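Notes follow once the structure below has been shown.
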Amino acid sequence: MIEHRSHVYGVIGEFEKPEQLVHAAGKIREAGYRYFEAYSPFPVEGLPEAMAMRRNDVPLITLLGGLAGGLGGFGFQYWVNVVSYPLNIGGRPLNSWPAFIPVTFELTILAASLSAVFGMLALNGLPQPHHPIFNAHRFTHASTDRFFVCIQARDKKFHLADTARFLQGLAAHHVSEVHDD
Amino acid sequence: MSAGEPPINSPDITRLTPVLGPGHTYASVTDKISAIVLTRPTSLGWYIGFLIAFSIFGVLNIAIGWLMIKGVGIWGINIPIGWGFAIVNFVWWIGIGHAGTLISAILFLLNQKWRTSINRFAEAMTLFAVACAGLFPILHMGRPWYAFWMFPYPSVMGIWPQFRSPLIWDVFAVSTYGTVSLLFWFVGLIPDLATLRDRSTSKAKQIIYGMLAMGWRGSARHWQRYQSAYLLLAGLATPLVLSVHTVVSFDFAIAIVPGWHTTIFPPYFVAGAIYSGFAMVLSIAIPLRKAYGLEDFITMRHLDNMAKVMLATGLIVAYGYFFEFFMSLYSGNKFDVFLVQQRLHGPYSRFYFALILCNILLPQLMWFHKMRTNVAVLFVMSIVVNVGMWLERFVIVVISLTRDFVPSAWGRYSPTVWDWATLIGTLGMFVMLIFLFVRVLPAISIAEMRELVSETSEEHK
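In order, the protein sequence lines correspond to chains A and B. Per the numbering used here, numbering of the first sequence is gapless, rising by one per residue and ending at 189. Per the numbering used here, numbering of the second sequence is gapless, rising by one per residue and ending at 468.
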């Protein structure tokens, strides 16, 4: 890090109350910024709307996972009992589907749950060993009692001094730059 | 925050008792809960309690070791009583687990705020109870090292598990239940692990909690997907928890043995599971809040509500007993009628009356507000209900198997010292895991408590 100056990741500002964060996020969006992110110690109501976030794909992944689990589970039992290892017990039907329902149900739930959790983690890019935001000086408070917003340098509208001033204008405390490494 | 609180000694305080003590902020709830794990020195009481539980866990290991050497003959089981303690304990433990999922999933969907401070350790309790439960059917197999034969895998023997058997349904139900409970618990923990990562001062803790938190940074996009996943898991866990004890009851109800072959079994098993589970949550919550001074978070309102749930599910169970009884007599089936007589006058009638006392008569005290708010009474009652629910499974398993259709096939059952060692050993394992859990992970969800602070502060503005 001696040879070259590290890159700026963005400018971060801090708030004390969730309402201030929602307000600021709305204003940042109105000002035309697109690449910014809000951080909070718990999910803040109204924040996704203020940031105009689109609906997420976790429900769709869960649905697909559940369908795969259910169809695969039933299909497997059918294959085992009808194709792979048919047992003629007093002439009873090989495809005795009501008896396959409990396992089908359990596998539906299992696959849907695994899809929900791993889908959520994958879409969030987790696990991720490091992220530039952790370089921010006071960011450890983001998991306790402070609310942060960070406007990223890759935004077209980003200008170090102007953006910092803009954040200060939104009553953010401790406005500072965040470095890449 | 405390501005709108009613005076603490007002007469209808119970209705208004908050789910969170007054005066808390985001920082104060975070401090108080994370301090138990990070900064508070481990108390002497913790060491003593852990040591006792660990010793009993040792007894379990000896019992299992001897079982591996000698086989299931060391237990009291013999034809006609093939099931005995192993299945009684399995059903009992798996039932206890149900309250954790009920609290975390069903009360979440019903938007019950009071679940917030009890869901984390109730979920942990579920996991540990499922672990104890899972041991029994595996040990009962006789050759537990072949347990994997129950899973469908392409084996050289060219055969598959019998998917039409309730015992295989059980394998899928219990393993799915264990997995989904673990996922639910872990997803709930992720933001709290990030909090611990950020607040711990030692390098080792930072690395361990940091790895477990997987780089969680609480961004709005993270939270949005997180909330979706959590809500979906709650929605999936709700039918799952109802299905698990239903499938367990199928182990009995699908058979033609008198006293087992009834359609009321699934709903009454589920109600009984929730009944014993809430009793166990109370048995853990009462000492926990006392030991760590968490009375602000686990308030009288929580205890009161849990007592009410216990009362309600207890009444459903009583209804189940009544109709089991009634249908046997009403059916006119001589084997069913005979079974009722055996419950009342047979060799195990003492167990039946003890069960009625523990599960139906004594819990009626919970109708009284004075009793529901008396911590000592609640604690005793929670133990009574757990004993009662264990007796219920004993009565179901043993009386039916000792008195089936042909008198020449009748028998008697009495557990051996190894049966008791295994049962008490799993209790030791359960308590030991609870001790470890409260020491290394936040016993109350910090992120959800902060949300609760945010919501309650809005109400009182």
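In this text, a Cβ means the ideal position worked out from N, Cα and C, and glycines have one as well. As the structure is a prediction and not an experimental result, all values here were calculated from the model.
### Message
So for G21/A, helix, strand or coil by DSSP?
### Response
Assignment of G21/A by DSSP, reduced to helix, strand and coil, places it in the strand class.
### Task
Check the Cβ of V194/B against every Cβ in chain A and list those closer than 8 Å, keeping chain order.
By Cβ distance, chain A contributes V125 and M128.
### Query
Would you call the CB atoms of A58/A and V30/A closer than 8 Å?
Contact flag set, yes.
### Message
Does the CB of A32/A have a neighbour CB from chain B at under 8 Å?
### Response
Chain B contact via Cβ: absent.
### Message
Spatial neighbours of P150/A within its chain, please: C-beta separation below 6 Å, excluding the five flanking residues on both sides.
### Response
The question names Pro, but residue 150/A is Ala in the sequence shown. Only Y47 and F156 meet the Cβ criterion.
### Query
So, helix, strand or coil for H187/A, using DSSP?
DSSP places H187/A in strand when its eight states are reduced to three.
### Task
Identify whether N96/B lies in helix, strand or coil by the three-state DSSP scheme.
Under the three-state reduction of DSSP output, N96/B falls in the helix class.
### Message
Quick check: the Cα distance between L459/B and K39/B, rounded to an integer number of angstroms?
### Response
C-alpha of L459/B to C-alpha of K39/B: approximately 15 Å in a straight line.
### Query
DSSP puts Q119/B in a beta bridge; with which residues?
The partner list for Q119/B (beta bridge, DSSP) is empty, contrary to what the question assumes.
### Buried or exposed by the 16-neighbour rule on C-beta atoms within 10 Å, applied to I63/B
Taking a 10 Å sphere around the C-beta of I63/B, we find 16 or more other C-beta atoms and assign the residue as buried.
### Task
Leaving aside the five residues before and after G353/B along the sequence, list all residues of the same chain whose C-beta is less than 7 Å from its C-beta, in chain order.
Result list for G353/B: I406 and R410, in chain order.
### Task
Tell me where the alpha helix (DSSP H) around A131/B begins and ends.
Looking at the DSSP string, the run of the alpha helix (DSSP H) that includes A131/B is N126 to H147.
### Proximity to P26/A [Cα-Cα], best of P29/B, Y33/B and V26/B
When each option's Cα is compared against that of P26/A, the closest is Y33/B.
### Message
Considering Cα atoms alone, identify which of A241/B, L346/B and I441/B is closest to P294/B.
### Response
Measuring C-alpha to C-alpha distances from P294/B to each of A241/B, L346/B and I441/B identifies I441/B as the nearest.
### Task
Give a yes or no on whether the C-beta atoms belonging to P370/B and L318/B are separated by under 8 Å.
Contact flag set, yes.
### Query
Hey, does W167/B have any beta-carbon neighbour from chain D nearer than 8 Å?
Protein chains in the displayed structure are A and B, and chain D is not among them.
### Message
Taking the straight line between their C-alpha atoms, what separation do you get for P48/B and W90/B?
### Response
Linking P48/B to W90/B through their CA atoms gives a straight-line distance of about 46 Å.
### Message
Helix, strand or coil, according to DSSP, for P263/B in the structure here?
### Response
Residue identity differs from the one stated: residue 263/B is Ile in this sequence, not Pro. In the structure shown, I263/B falls within a coil segment according to DSSP collapsed to helix, strand and coil.
### Message
Given a cut-off of 8 Å on the beta-carbon distance, is the pair M2/B and S235/B in contact?
### Response
The question about residue 2/B has no answer here: the residues shown for chain B are numbered 8 through 468.
### Query
Should S124/B go down as buried or exposed, given a rule of 16 or more other Cβ atoms within 10 Å for buried?
When all chains shown are included, S124/B counts as buried.
### Query
Going by DSSP, which residues form a beta bridge with I88/B?
According to DSSP, I88/B bridges with N85/B.
### Query
How would you call S136/A, buried or exposed, if buried means at least 16 neighbouring beta carbons within 10 angstroms?
Per the sequence shown, the amino acid found at residue 136/A is Gln instead of Ser. Result: exposed.
### Task
Say whether the stretch 439 to 457 of chain B touches the stretch 191 to 211 of chain B, bearing in mind that this needs 3 or more beta-carbon pairs closer than 8 Å, one atom from each stretch.
Contact holds: three or more Cβ-Cβ distances are below 8 Å.
### Task
Please confirm whether A286/B and I305/B have their CB atoms less than 8 Å apart.
Using a Cβ distance threshold of 8 Å, A286/B and I305/B do not count as a contacting pair.
### Query
Y47/A lies in the beta strand (DSSP E); which residues open and close that run?
For Y47/A, the enclosing beta strand (DSSP E) starts and ends at F44 to Y47.
#### Entry: Residue range of the unbroken beta strand (DSSP E) whose run includes V157/A
It spans F155 to Q160 - the beta strand (DSSP E) in which V157/A sits, taken as one unbroken run.
### Query
Which residues in chain B sit within 7 Å of Y47/A, going by Cβ to Cβ distance?
Per Cβ cutoff of 7 Å: R224, G225 and S226.
### Close-in-space but distant-in-sequence residues of the same chain around D343/B (CB under 6 Å, 5 per side omitted)
The residues are P265 and S335.
### Query
Residues in its own chain within less than 8 Å of A124/A by CB, not counting five upstream and five downstream?
Taking C-beta separations shorter than 8 Å and ignoring five residues to either side along the sequence, the partners of A124/A in its chain run V66, I69, T70 and G73, following chain order.
### Query
Mind pulling the chain B residues with CB within less than 9 Å of I36/A?
For I36/A, there are no C-beta contacts with chain B under 9 Å, since the nearest C-beta of that chain is about 12 Å from it.
### Task
Please determine, among M439/B, V424/B and F386/B, the residue with the shortest C-alpha to C-alpha distance to F92/B.
Closest in alpha carbon position to F92/B, among M439/B, V424/B and F386/B, is V424/B.
### Task
Within the same chain, show all residues whose beta-carbon is closer than 8 Å to that of G149/B, passing over the 5 residues directly before and after it, in chain order.
Here G149/B has G78 and V79 as same chain residues with Cβ atoms under 8 Å from its own Cβ, once five neighbours each way along the sequence are excluded.
### Task
Compare the C-beta of S234/B with all C-beta atoms of chain A and state if any pair is closer than 8 Å.
Reading off the sequence shown, one finds Gln at residue 234/B, where the question assumed Ser. Yes, because at least one Cβ of chain A sits closer than 8 Å to the Cβ of Q234/B.
### Task
Sort M164/B, L142/B and N96/B by Cα distance to A154/B and report the nearest one.
Among M164/B, L142/B and N96/B, the Cα nearest to that of A154/B is on L142/B.
#### Entry: Buried versus exposed call for I10/A [16 or more other C-beta atoms within 10 Å across all chains shown]
Low per-residue confidence applies at I10/A: pLDDT is 44, beneath 50, and the placement is therefore not dependable, though the value from the model is reported in the following sentence. Its Cβ having fewer than 16 others within 10 Å, I10/A is exposed.
### CA-to-CA distance, N126/B to P161/B, given in whole angstroms
Taking the CA atoms as reference points, P161/B sits about 40 Å from N126/B.
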